[in-house]
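Everything on this sheet refers to the single structure shown next.
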Amino acid sequence: MSINIFSIVIFIIILFIIIKNKELKMILFNMTILTASIELYLELGYFLKINDILIGYRTIVEIFLYIISIICLIKYHKTKINKNAFFLFTIVIIGIINLVLIPVNIRTANGNVSWDDFILGETFEYVNFNFFVIQEAVQMIIFIINVLAIYNSFQKEDYKKIIVKFSKITKIILIIGLIELIIKYIFHLNVYNEFCNIIFGQAYATVLTIAGRGSGYILQGLTTEASHYSYVLMISIIILFAVNTITNKEKKWIILAILLMCASMSFSSVLFISGLILIYILYWLYNSKIPKMKLIKIFLLFIIVLFTIILLIYNFNNIFNNLSESNFLERRIKSLIQEIQLIINGQWRYSKQSLEWSNRVRLVSSYETLKLIKYRPLFGLGIASVASHGSTTMLLAGIGLVGTYFWIKYVFYSLKANLSNVNRKYYKLAIAIWLLINMLNSMGLRVFYELSSIILMEAFTIIFSNSIKNMKIGRKEL
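Per my numbering, residue 93 is the first one in the sequence shown, and the count goes up by one each step.
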């Protein structure tokens, strides 16, 4: 059995939270922030190693939060049952029962055979009940319970404090990112990875050495790969942008986060930056005071987009042929176009060559998993019974359209007080953009059972609040 330096740090932090805060609500408050931070930002290492079994940091904080949540729900016995939570829980259970008793007779990727394995020549398994299903179902149920306790314990102002305190942790993560950037890009050293391995421990997915990609170096922060880090930075930018609409003091941190996204050498950054641009366009349109000005902005935006599309189509062959296969970004774009063509033509199964296999795996897995919805569109094939490199497609196939609907209702629409001054149209569009981005985000169901979704909910309510100008946060809270 072994532990790491950060294992001791986490244990001390949890102990401090419990001892310092006499009120149960405050323990829940601080454990919520700690859990959300560990879930989103820390993938490296492990808390405890017993033989070959690794227990992650996120598992420890989630268990502590779950225990506190249960105590809160029992203590505050007047707690109202959230109907969205009830329906979501029921659909998850129904899906598992169907998976055990009447599974769909189709082969696809799952927790045992991934899309990466299939591309390399392995055979898919039939949809079945396995350990991965149990693991992800437990994660989702823990999430439902934790969120229920949070929603029943906090008031509107508490969520504002949560996002502000969370933004402070985000800034620490960005400082760590800047240090990594300097060490790798300026000094070309592997010191950062070595230090992380000493502090957090070496898990199975640990990056041991500095890795070059294109004309730069892979940045990972405290995650296990550049694409995950890029997603983390996207969420960080949304959170900082929400706080900035109140304080107007976060612009330099947002710029730093964008710089780290661009320098991470992850092609996923193109997807996530596109999502950020769309959300900012929503914010831009939303803040047009005069209705006529809003119409003018929409018209100009439409003309620009239309002109750009026409220009790209007209010059498509020239652009495609001139894309370099030696340049990182151009190579990825060229590969993306090729893979989309193969998928549209149905030739991806027979093609044995690819400029970038990661593009094929991500696009094909998301596309093929989306097609599986037709077998059980309402309640899904069973949570995590199918695997994909697209988080939203995995959720849709797993718990169906009805299950996904109640997940959205539970997370984003349960707090009526928070939504009282929110523009529902723009709020809904922002959620839709986030879900679309996650169509190609290879983080599994994590984005749907981690508490970062609650932080994101609060960020969107702040960004699209009708009374944002009247919202103030005192210096003590910041």
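The C-beta atom is built at its ideal place from N, Cα and C for all residues, glycine as well.
Could you tell me which of Phe504, Val196, Asn530 and Ser380 sits nearest to Lys520, measuring between CA atoms? It is Phe504.
Distance, Cα to Cα, Leu537 vs Gly306? Taking the Cα positions, Leu537 is about 30 Å away from Gly306.
Simplified DSSP assignment, three categories, for Leu441: Before going further, note that residue 441 is Arg rather than Leu in the sequence given. Of the three classes helix, strand and coil, the one that applies to Arg441 here is coil, per DSSP.
Selection from Thr316, Leu351 and Val219 that minimises the alpha carbon distance to Ile365: Measuring from the Cα of Ile365, the nearest candidate turns out to be Leu351.
Answer yes if the segment 146 to 154 comes into contact with the segment 202 to 213, meaning at least three C-beta pairs across the two stretches below 8 Å, and no otherwise. Because the criterion of three Cβ pairs below 8 Å is not met, the segment 202 to 213 and the segment 146 to 154 do not touch.
Determine the burial state of Ile554: buried for a count of at least 16 other Cβ atoms within 10 Å of its Cβ, exposed for fewer. Around the Cβ of Ile554, a 10 Å sphere holds 16 or more other Cβ atoms; the residue is buried.
Which residues mark the beginning and the end of the beta strand (DSSP E) in which Ile141 is found? Residue 141 is actually Lys in this sequence, not Ile. In the DSSP assignment, Lys141 falls within the beta strand (DSSP E) that extends over Leu140 to Ile142.
Taking the alpha carbon of Met601 as the reference point, which residue from Thr461, Leu470, Ser512 and Glu286 has its own alpha carbon closest? Summary: the structure shown does not reach residue 601, with the chain confined to residues 93 through 570, and so no result is reported for it.
Would Ile245 and Cys164 be called neighbours here (beta carbons separated by less than 8 Å)? Per the sequence shown, residue 245 should be read as Ser rather than Ile. Yes.
Does DSSP classify Val397 as helix, strand or coil? Looking at Val397 - three-state DSSP - the assignment turns out to be helix.
What's the gap between the Cα of Ser358 and the Cα of Glu317? When rounded, the distance between both Cα atoms is 9 Å.
Which whole-angstrom value describes the C-beta separation of Ser99 and Leu157, a residue pair presumed to lie in contact below a C-beta threshold of 8 Å? Ser99 to Leu157, Cβ: 17 Å. No contact.
Could you tell me which of Val514, Asn379, Gln294 and Asn282 sits nearest to Asp144, measuring between CA atoms? Of the candidates Val514, Asn379, Gln294 and Asn282, the residue whose Cα lies closest to the Cα of Asp144 is Gln294.
How do the segment 246 to 255 and the segment 540 to 555 stand: do at least 3 beta-carbon pairs fall below 8 Å, yes or no? Touching, yes, given that three or more Cβ pairs across the two stretches are closer than 8 Å.
According to DSSP, is Lys480 part of a helix, a strand, or is it coil? For the record, residue 480 in the displayed sequence is Ser; it is not Lys. Under the three-state reduction of DSSP, Ser480 is assigned to coil, being neither helix nor strand.
Nonlocal neighbours in the same chain, by C-beta distance under 6 Å from Asn562, ignoring five residues either side: Residue confidence for Asn562 is low, a pLDDT of 43 falling below 50, so the modelled location carries little weight; the figure read from the coordinates is stated next. Nothing listed; no residue qualifies.
Contact the segment 297 to 306 vs the segment 274 to 285: 3+ CB pairs below 8 Å: Short answer: they touch.
For Leu240, I'd like the list of residues in its chain whose CB is within less than 8 Å of its CB, leaving aside the five on either flank, ordered along the chain. Once the five neighbours on either side are set aside, the close Cβ partners of Leu240 are Ser161, Leu165, Thr171, Asn174 and Ala177.
Pull up the distance between the alpha-carbon of Leu126 and that of Leu507, whole angstroms please. One C-alpha to the other measures close to 22 Å.
Any idea if His320 is buried or exposed, counting beta-carbon neighbours within 10 angstroms, 16 or more meaning buried? Burial call: buried.
Determine, using beta carbons only, whether Ile523 and Ala229 come nearer to each other than 8 Å. Note that the C-beta distance between Ile523 and Ala229 is not below 8 Å.
Neighbour-count burial assignment, Met326, 16 or more Cβ in a 10 Å radius: Classification of Met326: buried, given that the 10 Å Cβ count is 16 or more.
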